[in-house]
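J.: One structure is given below, represented as C-alpha cells, and several questions about it will come after.
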Amino acid sequence: MEYDIADLDLAAVGARRMAWAGRRMPVLGTIRERFRQEQPLAGRRVAACLHVTAETANLMLALRDGGADVVLCASNPLSTQDDVAAALVEEGIPVFAVRGEDNERYYQHIHAVLDTKPDITMDDGADLVTVLHTDRTDLEPIGSTEETTTGVIRLRAMAGDGTLRLPVVAVNDSATKHLFDNRYGTGQSCMDGILRASNVLLAGSTVVVVGYGDCGRGVADRADGMGAKVVVVEVDAVRALEAAMDGYQVLTADDAASVGDVFVTVTGNKHVLRDRHFDRMKDGAILANAGHFDVEIDLPVLVARAAERRPVRENLEEFVLEDGRRLLVAAEGRLVNLSAAEGHPADVMDMSFSDQALAAEWLVKGAGDLKPGVYTLPGELDQEVARIKLAHLGGGLEVLTEEQVAYLATWKEGT
Ligand code: NAI
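Given below as C-alpha cells:
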C-alpha cells in the first residue's frame, strides 16, 4: 500500500483520539452500522481531500465499512493531525498528508489520491474538483461532494459559466451542516485556536469579527459569551443590521481597525484586512483568520512592511512595523481553529460527516441519472440526521396530529 505520512509510530496515539471522536459521533455511528449491513458503496473508490483530523478518520471508516476503497489527502497543509494519519494507515486506509507540507508536496498528494481513479471525490475547498477540471480531465468520477462555503461558491461559479462537468453535492447547503458546524463548531474552535495561540484574556477586550455569516455569528456569540466587546464588520446590509440587532457594534473596517484588540476574519473573501487597516491598528493587536483560505488577511503586504518578523509563541508571529507598532498573526493567517487548535469538536462534525456519508450514498444511487450541476441533499435526509442527533441529546420531538397535517395543507379552514 502506498502512502505518505510523517511517522507511522504515532498510530497508537492517533487511534486513541479517533476512538474518542467516534464516541462523540452517534449519528455517523448509526450510519456506519447501516452501511456495514447494506454495503451501499460496494466496489466504489472514494478519494477524499479533507482536513486530516480524528473526525475525518471516522468518516473514512464509515465509508470503508460501506464497501468503498478509500484514500485521503489533506485539504490544508497545516491542519493535518499526523497521529491520525498514521492510525488510518494502520487501518489499511492510504493517507497522503504531512502537517506543514509545502505547496509542491500538497499538490503531489492531491495527484496521488486522484491517481486511484476515484468514482467519487470529496472536497473541502474544491481542490480535487479544480484539478479534475485542469490537469486530470481524463478522469470521469460519477460525482463529488463539497464540505465548505468557499468550495460551494467556486462550484456555483463553475456551473454558472458552464465549466462544471460532474454532479456535486453541496454538503454545506444541508441545514444540519451549516447551521451547526459553521456556527457552533467555528464559534467554539476559533476561540480555542486564538486562546491556544495567544492565551490573552478576552473579557474586557474588543474582538472584531469581519463577516457575519454562519461562521461569523458563531464567533461573535462565543466572543461575547467570554466577556469581549464585539464589533462586527459586514458588507451585506441585512447581515450588518442583524448584527446590530443581535447587540453588537457595527463599524466599517477602517473604524474597527483602530479599536480592535483581536481581529477574526471569516468572510470567504480576500484581503478584508489589508494595508490601510494595518495602518490604523493598535500596538499588540492580534489577527486571526477562520475563513477557508489564507487570503483574508493580506499577509504578503504585512511581511513586506515589517522591519522585523519573529515568532513569539507557537502559532503566533509578531510583525514589527516601521513606526514600532507590533501586529501579531496567528497560525500564518490560515484557519486558526484547525491550525492552532484541533478544529471543530466531534459532536458537531458528527452531523457534517453524516451528511458527507449520505451524499456519497446518494451519488451512487443516482449514478448515471444526475447531470453536471450543484445539488443539495433532500430535506428528509436533514430531518433524519437531526432526529438521531436530537435523540442522543435527550431531546423530545413533537409529532403533528392528522388534524394538524390536514390544516396545514388547506387554505379553506380558519377564517
Ligand atoms: P457566509 O457566506 O455565510 O458568510 C460570509 C459573510 O462575509 C457574508 O455575510 C458576507 O457578506 C461577508 N463578507 C464578504 N466580504 C466581506 C468583506 N470584505 N468585509 C466584511 N464582510 C464581508 O459564509 P460562512 O459559511 O460563514 O463561511 C465563511 C468562510 O469560513 C468560508 O471561507 C468558509 O468556507 C469558511 N469556513 C470555515 C470553517 C472553519 O472551520 N474555520 C468552517 C466552515 C466554513
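Mapping the sequence shown onto my numbering, position 58 (from 1) lands on 65, and the numbers just tick up by one.
Cβ atoms here follow ideal geometry from the backbone N, Cα and C, with glycine treated the same way.
Please say whether M32 and N83 have beta carbons closer to each other than 8 Å?
T.: Their beta carbons are not under 8 Å apart, which means N83 does not touch M32 by this criterion.
J.: From the DSSP output, in three-state form, read off E339 for me.
T.: Of the three classes helix, strand and coil, the one that applies to E339 here is helix, per DSSP.
J.: Please confirm whether any heavy atom of the ligand NAD lies closer than 7 Å to the CB of A297.
T.: This structure simply doesn't include the ligand NAD; it includes the ligand NAI instead.
J.: Return the residue from the list L388, A364 and G380 that minimises the CA-CA distance to P47.
T.: Comparing Cα-Cα distances from P47 to each of L388, A364 and G380, the minimum goes to A364.
J.: When the Cα of A133 is compared with those of E147, F285 and A164, which residue comes out closest?
T.: Nearest option by C-alpha distance: A164.
J.: Below 7 Å CB to CB, which residues in the same chain sit around R143 once its five sequence neighbours on both sides are set aside?
T.: Around R143: L121.
J.: What does the alpha-carbon distance come out to for the pair A244 and R24?
T.: Cα to Cα, the separation comes out at about 43 Å.
J.: Within the same chain, show all residues whose beta-carbon is closer than 7 Å to that of D389, passing over the 5 residues directly before and after it, in chain order.
T.: Excluding residues within five positions, the ones whose Cβ falls inside 7 Å are S181, A182 and T183.
J.: Exposed or buried, R43, counting other C-beta atoms within 10 Å across all chains shown (16 or more means buried)?
T.: The residue is exposed, with fewer than 16 neighbouring Cβ atoms inside 10 Å.
J.: Check whether the Cβ atoms of D72 and R52 sit closer than 8 Å, and answer yes or no.
T.: No, they are not a contact pair.
J.: Is the closest heavy atom of the ligand NAI to the C-beta of R203 under 7 Å?
T.: No - the ligand NAI has no heavy atom lying nearer than 7 Å to the Cβ of R203.
J.: Would you give the residue range spanned by the alpha helix (DSSP H) that K396 belongs to?
T.: Run containing K396: G386 to H399, per the alpha helix (DSSP H) assignment.
J.: By DSSP, does P318 sit in helix, in strand, or in coil?
T.: It is a strand residue.
J.: For V273, tell me which candidate among V257, E325 and R190 has the shortest Cα-Cα distance.
T.: The option with the nearest alpha carbon to V273 is R190.
J.: Write down the C-beta distance between G340 and N296 rounded to the nearest angstrom, noting that I regard them as a contact closer than 8 Å.
T.: With a Cβ gap of about 5 Å, G340 and N296 count as contacting.
J.: Among the candidates R41, E62, L85 and A104, whose CA atom is the shortest distance from the CA of L15?
T.: The shortest C-alpha separation from L15 is found at A104.
J.: Find out if the Cβ-Cβ distance for the pair L335, I293 is shorter than 8 Å.
T.: Yes; because the gap between Cβ atoms is below 8 Å, this pair is in contact.
J.: By Cβ distance below 6 Å, which residues in the same chain neighbour P318 in space, the five residues on each side in sequence not counted?
T.: Taken in chain order, the residues that qualify are E324.
J.: Using alpha carbons as the reference points, say which of V175, V381 and L280 lies closest to D301.
T.: Here the closest residue by C-alpha is L280.
J.: Using the Cα positions of A260 and V226, report the straight-line distance between them to the nearest angstrom.
T.: Roughly 17 Å separates the two Cα atoms.
J.: Considering only DSSP beta bridges, list what T213 is partnered with.
T.: Bridge partners of T213: K236.
J.: Does the segment 221-241 come into contact with the segment 204-213, if we say contact requires no fewer than three beta-carbon pairs (one atom in each stretch) closer than 8 Å?
T.: Judged by Cβ distances under 8 Å, the segment 221-241 makes contact with the segment 204-213, as three or more pairs qualify.
J.: Can we say the segment 396-404 touches the segment 32-41, given the rule of at least three CB pairs closer than 8 Å?
T.: Touching, yes, given that three or more Cβ pairs across the two stretches are closer than 8 Å.
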